[in-house]
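Worksheet for the structure shown next.
Number of protein chains: 2
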Amino acid sequence: MAINAENVKSQMRKGYLEYCILLIIAKKPMYVSDIITELKEAQLIVVEGTLYPLLSRLKSSGILGYQWQESLQGPPRKYYELTDDGRQFLAELEEGWEEIKNVVELIKNKNI
Amino acid sequence: MAINAENVKSQMRKGYLEYCILLIIAKKPMYVSDIITELKEAQLIVVEGTLYPLLSRLKSSGILGYQWQESLQGPPRKYYELTDDGRQFLAELEEGWEEIKNVVELIKNKNI
DNA sequence: ATAAATACCTTGCGATACAAGGTACTAAAA
DNA sequence: TTTTAGTACCTTGTATCGCAAGGTATTTAT
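Here it is, written out as structure tokens:
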């Protein structure tokens with residue numbers, strides 16, 4: 105029930121997590137560990153339990169596809185990549201993100 | 105189950121809605137209708153059913169306080185205002201927001 | 001064989017936006 | 001005086017999603 109800053113920051117993260125993940129996969133096909141590493145480099149900590157369901161949803165919505173690929177050390181990996189629909193979708197998120205930045209700026213600067 | 109852009113945009117909104125609301129109340133005490141109007145002006149559509157529980161949570165967490173105030177036409181209104189803790193909290197959200205903008209920029213610009 | 005490392009996935013929980021519906025007060029019209 | 005309209009407050013139920021915790025499967029080294 106109580107609200108704390110961490111809580112809200114985590115709420116903020118929810119919103120743009122999908123966006124960030126798609127930005128990363130858009131560059132080149134990636135599997136879960138790669139994605140987590142990339143996010144961590146950008147200071148965005150995400151765990152497996154978050155990522156697997158999210159990727160599955162994006163897959164079944166036709167935004168992502170994947171290919172199995174052998175690994176040199178361990179079981180095969182699922183490399184996710186954007187579909188054409190996925191690129192379209194990412195473009196829309198891009199817009200959404202710009203809108204949000206706009207809204208916050210508008211509110212901040214009003215009556216100042 | 106299906107994912108669409110509207111859905112995700114609404115997810116994005118969730119994250120920074122609290123931030124925007126606090127930014128608005130920080131300027132001067134406001135009651136629900138005022139807040140909705142301000143948000144609408146910034147293109148952020150929010151309904152009562154969202155706002156009331158959110159304000160209650162912020163109140164019981166000590167981030168907001170309120171004062172009843174008579175209205176010229178209708179029942180009295182609850183004017184919410186930031187407490188000292190609330191200002192501290194808002195400052196933390198400010199940081200969180202800057203961090204998020206940073207993360208997105210980092211991911212966007214990596215390997216370009 | 002067994003253990004360790006790596007990879008995939010699922011279940012249960014808590015948080016929260018939103019739709020829909022409800023209560024209460026004021027003032028003006030019937 | 002009753003009724004209606006307007007304004008304000010609040011609650012309940014639903015769906016979604018991040019995350020912690022736990023589980024399964026494959027490969028490689030001991």
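From first to last, the protein sequence lines are chains A and B.
Numbered by this note's numbering, the letters in the first sequence go through residues 105 to 216 in order.
Numbered by this note's numbering, the letters in the second sequence go through residues 105 to 216 in order.
Each residue gets a CB set at the ideal place from its N, CA and C atoms; glycine is no exception.
Strand pairing of residue i, partner residues [DSSP]
i: R181(B); result: Q173(B)
i: L197(A); result: Paired residues: none, contrary to the question.
i: K168(B); result: Note that residue 168(B) corresponds to Leu in the displayed sequence, not to Lys. L186(B).
i: M134(A); result: Y184(A)
Coarse secondary structure for residue i, derived from DSSP in three states
i: L155(B); result: helix
i: M105(B); result: In this prediction, M105(B) scores a pLDDT of 48, lower than 50, which makes its location untrustworthy; the coordinate-derived value is nonetheless stated afterwards. Correct three-state label for M105(B): coil.
i: K163(B); result: helix
i: K214(A); result: coil
Residue range of the alpha helix (DSSP H) that includes residue i
i: L148(A); result: From DSSP, L148(A) is part of no alpha helix (DSSP H); its letter is neither H nor E.
Proximity below 8 Å, CB of residue i to CB of residue j
i: L194(A); j: L186(A); result: yes
i: I107(B); j: S160(A); result: no
i: V207(A); j: C124(B); result: yes
i: Q173(A); j: Y184(A); result: no
i: M116(B); j: G200(A); result: yes
i: I140(A); j: L155(A); result: yes
i: K163(B); j: G119(A); result: no
i: I129(B); j: I128(A); result: no
i: L148(A); j: E122(A); result: no
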